[in-house]
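Protein chains in written order, with the numbering used here: chain E, 26 to 365; chain G, 26 to 365; chain P, 26 to 365. All C-beta atoms, glycine included, are put in the ideal place defined by N, C-alpha and C. Inspection log for the structure reproduced underneath, given as structure tokens.
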Amino acid sequence: MTVSSFSAAELAERFGLALRGDGDLRIEGVATLARAGVGQLAFLANSRYRAQLADSQASLVVLRADDAEAAPGAVLIAKDPYTAFAKMAALFDNKPVREPGVHPSAVIDPSARIAPSAHIGPFVAIGAHSTVGDGCIVGPGCVIGDHCEVGDGSELIARVTLVTRARLGKRVLVHPGAVIGADGFGLAMDSGHWIKVPQLGGVVIGDDCEIGANTTIDRGALDDTVLEEDVRLDNQIQIGHNVRIGAHTAMAGCSAAAGSARIGRYCLIGGAAGVLGHLEICDRVVVTAMSLVTSSITEPGEYSSGTPLTDNRTWRKNAARFKQLDVLARRVLAADKETR
Amino acid sequence: MTVSSFSAAELAERFGLALRGDGDLRIEGVATLARAGVGQLAFLANSRYRAQLADSQASLVVLRADDAEAAPGAVLIAKDPYTAFAKMAALFDNKPVREPGVHPSAVIDPSARIAPSAHIGPFVAIGAHSTVGDGCIVGPGCVIGDHCEVGDGSELIARVTLVTRARLGKRVLVHPGAVIGADGFGLAMDSGHWIKVPQLGGVVIGDDCEIGANTTIDRGALDDTVLEEDVRLDNQIQIGHNVRIGAHTAMAGCSAAAGSARIGRYCLIGGAAGVLGHLEICDRVVVTAMSLVTSSITEPGEYSSGTPLTDNRTWRKNAARFKQLDVLARRVLAADKETR
Amino acid sequence: MTVSSFSAAELAERFGLALRGDGDLRIEGVATLARAGVGQLAFLANSRYRAQLADSQASLVVLRADDAEAAPGAVLIAKDPYTAFAKMAALFDNKPVREPGVHPSAVIDPSARIAPSAHIGPFVAIGAHSTVGDGCIVGPGCVIGDHCEVGDGSELIARVTLVTRARLGKRVLVHPGAVIGADGFGLAMDSGHWIKVPQLGGVVIGDDCEIGANTTIDRGALDDTVLEEDVRLDNQIQIGHNVRIGAHTAMAGCSAAAGSARIGRYCLIGGAAGVLGHLEICDRVVVTAMSLVTSSITEPGEYSSGTPLTDNRTWRKNAARFKQLDVLARRVLAADKETR
Chain E
26 MTVSSFSAAE LAERFGLALR GDGDLRIEGV ATLARAGVGQ LAFLANSRYR AQLADSQASL
86 VVLRADDAEA APGAVLIAKD PYTAFAKMAA LFDNKPVREP GVHPSAVIDP SARIAPSAHI
146 GPFVAIGAHS TVGDGCIVGP GCVIGDHCEV GDGSELIARV TLVTRARLGK RVLVHPGAVI
206 GADGFGLAMD SGHWIKVPQL GGVVIGDDCE IGANTTIDRG ALDDTVLEED VRLDNQIQIG
266 HNVRIGAHTA MAGCSAAAGS ARIGRYCLIG GAAGVLGHLE ICDRVVVTAM SLVTSSITEP
326 GEYSSGTPLT DNRTWRKNAA RFKQLDVLAR RVLAADKETR
Chain G
26 MTVSSFSAAE LAERFGLALR GDGDLRIEGV ATLARAGVGQ LAFLANSRYR AQLADSQASL
86 VVLRADDAEA APGAVLIAKD PYTAFAKMAA LFDNKPVREP GVHPSAVIDP SARIAPSAHI
146 GPFVAIGAHS TVGDGCIVGP GCVIGDHCEV GDGSELIARV TLVTRARLGK RVLVHPGAVI
206 GADGFGLAMD SGHWIKVPQL GGVVIGDDCE IGANTTIDRG ALDDTVLEED VRLDNQIQIG
266 HNVRIGAHTA MAGCSAAAGS ARIGRYCLIG GAAGVLGHLE ICDRVVVTAM SLVTSSITEP
326 GEYSSGTPLT DNRTWRKNAA RFKQLDVLAR RVLAADKETR
Chain P
26 MTVSSFSAAE LAERFGLALR GDGDLRIEGV ATLARAGVGQ LAFLANSRYR AQLADSQASL
86 VVLRADDAEA APGAVLIAKD PYTAFAKMAA LFDNKPVREP GVHPSAVIDP SARIAPSAHI
146 GPFVAIGAHS TVGDGCIVGP GCVIGDHCEV GDGSELIARV TLVTRARLGK RVLVHPGAVI
206 GADGFGLAMD SGHWIKVPQL GGVVIGDDCE IGANTTIDRG ALDDTVLEED VRLDNQIQIG
266 HNVRIGAHTA MAGCSAAAGS ARIGRYCLIG GAAGVLGHLE ICDRVVVTAM SLVTSSITEP
326 GEYSSGTPLT DNRTWRKNAA RFKQLDVLAR RVLAADKETR
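If you want it as structure tokens, here you go:
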């Protein structure tokens, strides 16, 4: 591994930040405030942790102007220190270089088109009429089925499956175990047996999307399942057929959107939250963890369902009363009436 | 891709439907009412969408008799238009043909038996004493362990794992990333450390079952985990060891059944719903999304748990009161007594 | 398969159990009380099932002293019959032997070090600077990225991915489809677009841990994600970046811990339960299935959230009242005041 090294002054200039302190300081890595040592850059984004500044061994800290006073050493001043840190940290992410070319073990259909600048790893299978764009990385064990597209600069890290008619935009990052373009769950009952409703649509993933490990995105029944640009999906998310997710929306781990749900732009869907099928959620909606969206949401804002955690004994007593809630409410309302 | 093409009259006859309109119309594809164009078949299953008929460019629409009046063009009349459409749509699902034979990269134990008519794709590993039946398709990257069976006409699309003692019936369809026959989660505490309870059973999957992407079905501890015929599992479902699921039951994405649960026939388990271990659910039970089944169900019907979604501010106030529910209920009941 | 065979007396001696009955009885397998036949060992751990003893065909039953009277045949007496059974059953788990050596199809970086006693199966890819220890088994289709370690005696059953900087201790067992060391879900908003926060930490998995099928454990943003020794994770669990899980904790299927959560030692996290990010749970906490931990827990004990399952009609009425809970509570409390 080569070691990246920048002076504090170089970082300040490169990212347009004000520097207070020694511009010649060498920075060769990043760490948390608590763990950083000499030569490392740390960040303070939440003023609640300001007290950690005093003891931090970090050579350089990126923080807000009003936290700068509390820092004993050199600082970079940023309006949004977390974003500034994210950008600077990328300089120290020594990802291995994947050379262009196709590994000899890969099995590629003659009708597939692979850009010469793409890297195709070992044990990759690519089906008919599929394309892999410039600079793409298709890691070990990936399977790309028929009629799929991987846009320029995209990366499938390892063991990703694009099943059929999955079309990825540019710079899409897909983590291991993700399955994009499997059959939607379409069934019809016929004389007591299920018959399968053919899933003839595809999946369209916009530019700059990220798809987490073991996440599944089904292809549409007739039309396509769509993720607009810059959608960010964490691990183990399930996206049903014909769902549409607006640009810049992020969904946390284990959340799910059932068939034909439409989620707006700039939404944040909490971990293990669910959206029922055929609902519509407008832009800029936050759904908290493990909440279930059971009807469409037309106003931006934060939404929740569920009950708070208590010790089990208390919970049992309260949960038993939940079963009587309507009866209790009727009594309260009736009593209320009487006393008026 | 070859283009399938049928006349309206051919479709009517083949599927036993009444045709109103021009029998010579050529149908070469299927689409939604909203998107269909010339040469395409659409369907109207829910009369709520009847208004879409007027503007649809579909050449042919399959619908119920009492919706037929509203259709400007040719129609096929069906008692169950969705099922009729599913069957007709299958004619236009141009799946690639997988030729019989074993890909040269596949690694197959000498004791395994592979039917000559089966297709075994690249990077497939098949273990000792396993069998793959007539006409099966085992797609790229699948791993079949020891003592497994894949029944005639079954398909493992890609990257499926049958771990050990997984026995699939006929025409079983398994989507990518599914893991069938991994160890059940059996632990015993021994002087402060966990010891593993050996998982000596297997998994039996009945004919015509479908297993979704990244779904996991553990093998039994001593007896087998069993899915009866025509069970349909969506993506990311977790089935614990020794679970039994009755014929024709369908489970939606992210649902789960814990160890030794028994689910009846013709049940519908909603997305992200859970069934605790060792419970029994009778036939024809519907569990709504994200509900948790905490005791056995002996009557057919629909069951639910959870609270409705509201804006977060309202939710916080109500959720806080949930913690006082038993105390509040006691006051209501006491007050009620007093006033009588 | 070779058949293991032990006499009742041998089992008694080997596991330090008292035998009542014929010591020469041959035991060649294990089964449930209900299914066991001649030559099989069964167990009775829960006295509720004592009535099954009378009809059991098991040759030998391991049980508690106070259940022994009810057994018609030979018994082994154990303080903890389930643990004793687990140990004995392991004798009858005829796992296939995996010979040391590297399958010719495997693709291994020249800088990786593989112990000569390790077994590396077909279609395995191992990246730069990674190590696989003595006696390890790396099954078919596994991908081990760069800078990973697999400790002595560990087993990756099949199609496991260690992405980057995943370090496994000794005797770690990982089931198919698990992804360890993928990028944590770190995002920062920059002028309306997400930018990725580099994930520069790793994952450390302690000795004797078990990781279920399709479970995902992300690597840390700066510090590591850590599982201490003997942590047991079931299938489809999601562990966010920088989570720390204490020794001997077990998590059931589909549960999740969000980023930077800390879970103590000897905890039991129920199926589909969730722990929000940055929370701390002390030792010996039980969280029941599908509960959501929304604040830190500082006292050992059992904790729950959610509402009980009822028929849907009753649920709808009660759920509607949940939306009025704060209003109703105010009325109850006001009325209460008035009458005092």
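Beta-bridge pairing by DSSP links A114/P to no other residue. The three-state reading of DSSP puts Q65/P in strand, counting E and B together. Within the stretch 163-186 of chain E, the residues whose Cβ lies closer than 8 Å to any Cβ of chain P are, in chain order, G164, P165, G166, I182, A183 and R184. Residue environment analysis places G48/P among the exposed positions, since fewer than 16 neighbouring C-beta atoms fall within 10 angstroms of its C-beta.
When V222/P, V312/P, E180/P and V318/P are compared, the shortest CA-CA separation from R257/E is found for V222/P. Residue contact check for C292/P against chain G: no CB pair falls below 8 Å. Under the 8 Å criterion on CB atoms, P129/G is classed as non-interfacial with respect to chain P.
Taking a 10 Å sphere around the C-beta of D208/G, we find 16 or more other C-beta atoms and assign the residue as buried.
At a C-beta separation below 7 Å, P141/G has no neighbours in chain E, since its nearest C-beta there lies roughly 21 Å away. Residue pairing by DSSP places V352/E opposite no residue, since no beta bridge is assigned to it. Spatial neighbours of A281/E in its own chain (CB-CB distance under 6 Å, excluding positions within 5 residues in sequence) are listed in chain order as Q263 and G299. Excluding sequence positions up to five before and after A56/E, its CB lies within less than 8 Å of the CB of G62, Q65, L66, A67 and A83, all in the same chain and listed in chain order. Where E254/E is concerned, there is no enclosing alpha helix (DSSP H), because DSSP gives it neither an H nor an E. Residue-level contact check: D259/G touches chain E, since one or more beta carbons of chain E fall below 8 Å from its beta carbon. Under the DSSP definition of a beta bridge, S329/G partners with T335/P. When beta bridges are read from the DSSP output, I306/G appears opposite I288/G and I322/G. P121/P and I162/P have their C-alpha atoms some 12 Å from each other. Relative to the Cα of V251/E, the nearest Cα in the group V86/E, N260/E, L304/E and N267/E belongs to N267/E. Neighbours of T241/P in chain E, taken as residues whose beta carbon is under 7 Å from its own, are A238, N239, N260 and Q261 in chain order. Less than 8 Å separates the beta-carbon of I102/E from that of A43/E. Chain-order list of chain P residues neighbouring D215/G: T108, by C-beta distance under 7 Å. Non-local C-beta neighbours of L212/G in its own chain, meaning closer than 6 Å and more than five positions away in sequence, comprise W219, ordered along the chain. Here G146/E is not near D159/E, since their CB atoms are 8 Å or more apart.
An exposed status is given to S320/P, since fewer than 16 other beta-carbon atoms sit within 10 Å of its beta-carbon. Distance between H144/G and E180/G, taken at the CA atoms: about 9 Å.
Closest option to L247/G, judged by alpha-carbon separation, among L293/P, G54/P, P201/P and G41/P: G54/P.
Of all residues in the stretch 53-64 of chain P, only G54, V55, A56, T57, A59, R60 and A61 come within less than 9 Å of chain G when Cβ atoms are compared, listed by chain position. Scanning A150/P, L353/P and L225/P for the CA closest to the CA of P129/P turns up A150/P.
In terms of Cα proximity to A114/G, the closest of V318/G, Y291/G, V357/G and V28/G is V28/G. Residue state for A360/P is assigned as helix, using DSSP reduced to three classes. Checking the DSSP bridge columns, you'll see E235/E partnered with L198/E and R257/E. If you check each beta-carbon in the stretch 302-331 of chain P against every beta-carbon of chain E, the ones closer than 9 Å belong to G302, V311, V312, T313, M315, S316, L317, V318, T319, S320, I322, E324, G326, E327, Y328, S329, S330 and G331. Within the stretch 33-64 of chain E, the complete alpha helix (DSSP H) segments of 4 residues or longer fall at 33-39, listed in chain order.
Selection A297/E, R290/E and I294/E evaluated against C307/E yields R290/E as nearest (Cα-Cα). Contact annotation: A344/G and T332/E have beta-carbon atoms nearer than 8 Å. Membership of D80/G in any beta strand (DSSP E) is not indicated; the residue belongs instead to the alpha helix (DSSP H) covering Q77 to D80.
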